[in-house]
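Undergrad: Before we start, here is the structure in question, set down as structure tokens.
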Amino acid sequence: MSDKFAVVTVSSDDFALGSAVALASFRQSNRWFSGETVVIATDLSDDRRALIRAAGPTEFRAPSNELLRRIDALCDARPELRTRRLRFCSLESFALAGYDKVLFLDSDTVVSGDFEELFRRPEPFIAAPDKPTLIGKRRDRTSFESVDANEQAGLASFNAGMMLIGHDLLDGTVYADLLDLLEPDAWKGVKTDHTDQLVLNRRLAPQTMLVDPLYTLPIGHRIAAQLLQGRSVEEVCMFHFNGPRKPWKPDHIVERAIDDPVVGCALAKWHRAFERMVAEARLGRLATSAG
Numbered sequence: 074m075s076d077k078f079a080v081v082t083v084s085s086d087d088f089a090l091g092s093a094v095a096l097a098s099f100r101q102s103n104r105w106f107s108g109e110t111v112v113i114a115t116d117l118s119d120d121r122r123a124l125i126r127a128a129g130p131t132e133f134r135a136p137s138n139e140l141l142r143r144i145d146a147l148c149d150a151r152p153e154l155r156t157r158r159l160r161f162c163s164l165e166s167f168a169l170a171g172y173d174k175v176l177f178l179d180s181d182t183v184v185s186g187d188f189e190e191l192f193r194r195p196e197p198f199i200a201a202p203d204k205p206t207l208i209g210k211r212r213d214r215t216s217f218e219s220v221d222a223n224e225q226a227g228l229a230s231f232n233a234g235m236m237l238i239g240h241d242l243l244d245g246t247v248y249a250d251l252l253d254l255l256e257p258d259a260w261k262g263v264k265t266d267h268t269d270q271l272v273l274n275r276r277l278a279p280q281t282m283l284v285d286p287l288y289t290l291p292i293g294h295r296i297a298a299q300l301l302q303g304r305s306v307e308e309v310c311m312f313h314f315n316g317p318r319k320p321w322k323p324d325h326i327v328e329r330a331i332d333d334p335v336v337g338c339a340l341a342k343w344h345r346a347f348e349r350m351v352a353e354a355r356l357g358r359l360a361t362s363a364g
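Just so you know, we're using our numbering here: the sequence shown kicks off at 74 and counts up by one.
Spelled out as structure tokens, the structure:
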């Protein structure tokens, strides 16, 4: 592939280790990928930046001043969003002009499969279904609550933990639309605690190519085993640790890993990716020293 690609995530000091493993695991499972790595962050300490760079060369990018202004205004109007304001920074992915395709990954993921086939697809926007769509429901466009599939206003919603964004959506038009959807008036009637996922679905769900949920298996929901439908966990391309239990905080997730074999497998894959990242970083330093 000669196209210009990027893989992108949002990070913070608390999520830096997750970001490093998410990006490292993507490269480990996609050796064909020669694109760039971009991390969107507002304030990362120097040691956290170094940790993320252990996964490979990385460009750090601050969200635009306009995006930050819109987030501030929304959080002033809806103070309950302040602790989750960083999630809106994923919208900056749509401002990355100059790429043919941009793959956004949440920092609480581990990639275990090949994404090359996905990159070859012609659709301009690709994602995997979120929970309501997976169980045959929809989301109401106003409240974003789960509704019956026969609701005319329902969205076939996607999980924003993995988004493959094509060149046509990176010209600034979609980015401007997403910024407008941060206006406080657009949040009247919202009844869920979603953030960027709500904004992204309102703008993009009607044109989204929904792919196999194994591209983004959400293990924070207790339906992961059901979603496998008899398929092997080795077929999963990416595990998403959505929810409060993160793999770099073992005291939060070990009990679930013991109770749920899918979570246990995902946690083991995350730790193997971490160990491989450390080993490859060590080899890289040895090679630099020898040279």
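Using N, Cα and C, we set each Cβ at its ideal position, and we do this for glycine too.
Please read all numbers here as calculations on a predicted model, not as lab measurements.
Answer with buried or exposed for ASP203, where buried requires no fewer than 16 other C-beta atoms within 10 angstroms of its C-beta.
TA: buried
Undergrad: Does PRO197 come out as helix, strand or coil in the three-state DSSP assignment?
TA: coil
Undergrad: What's the gap between the Cα of ALA89 and the Cα of LEU96?
TA: 11 Å
Undergrad: Between the segment 229 to 247 and the segment 192 to 210, can you find at least three pairs of beta-carbon atoms closer than 8 Å?
TA: yes
Undergrad: When the Cα of LEU254 is compared with those of HIS240, VAL184, ILE113, ARG214, which residue comes out closest?
TA: The residue with the shortest Cα to Cα distance from LEU254 is ARG214.
Undergrad: Flag this pair as yes or no: are the beta carbons of PHE161 and MET235 separated by less than 8 Å?
TA: Not in contact: PHE161 and MET235 (Cβ atoms no closer than 8 Å).
Undergrad: Please report the distance separating the alpha-carbon of SER219 from that of VAL247.
TA: 25 Å
Undergrad: Applying the criterion that 16 or more other CB atoms from any shown protein chain within 10 Å of the CB defines a buried residue, is ASP181 buried or exposed?
TA: buried
Undergrad: Could you name each continuous beta strand (DSSP E) segment of 3 residues or more that falls completely within the segment 78 to 113, going from the start of the chain to the end?
TA: 78 to 83, 109 to 113
Undergrad: Reducing DSSP to helix, strand and coil, say where GLU132 ends up.
TA: strand
Undergrad: So what's THR156 in DSSP terms, helix, strand or just coil?
TA: Here THR156 sits in helix by DSSP.
Undergrad: Could you check what DSSP says for SER185 in three-state terms: helix, strand or coil?
TA: Three-state result, SER185: coil.
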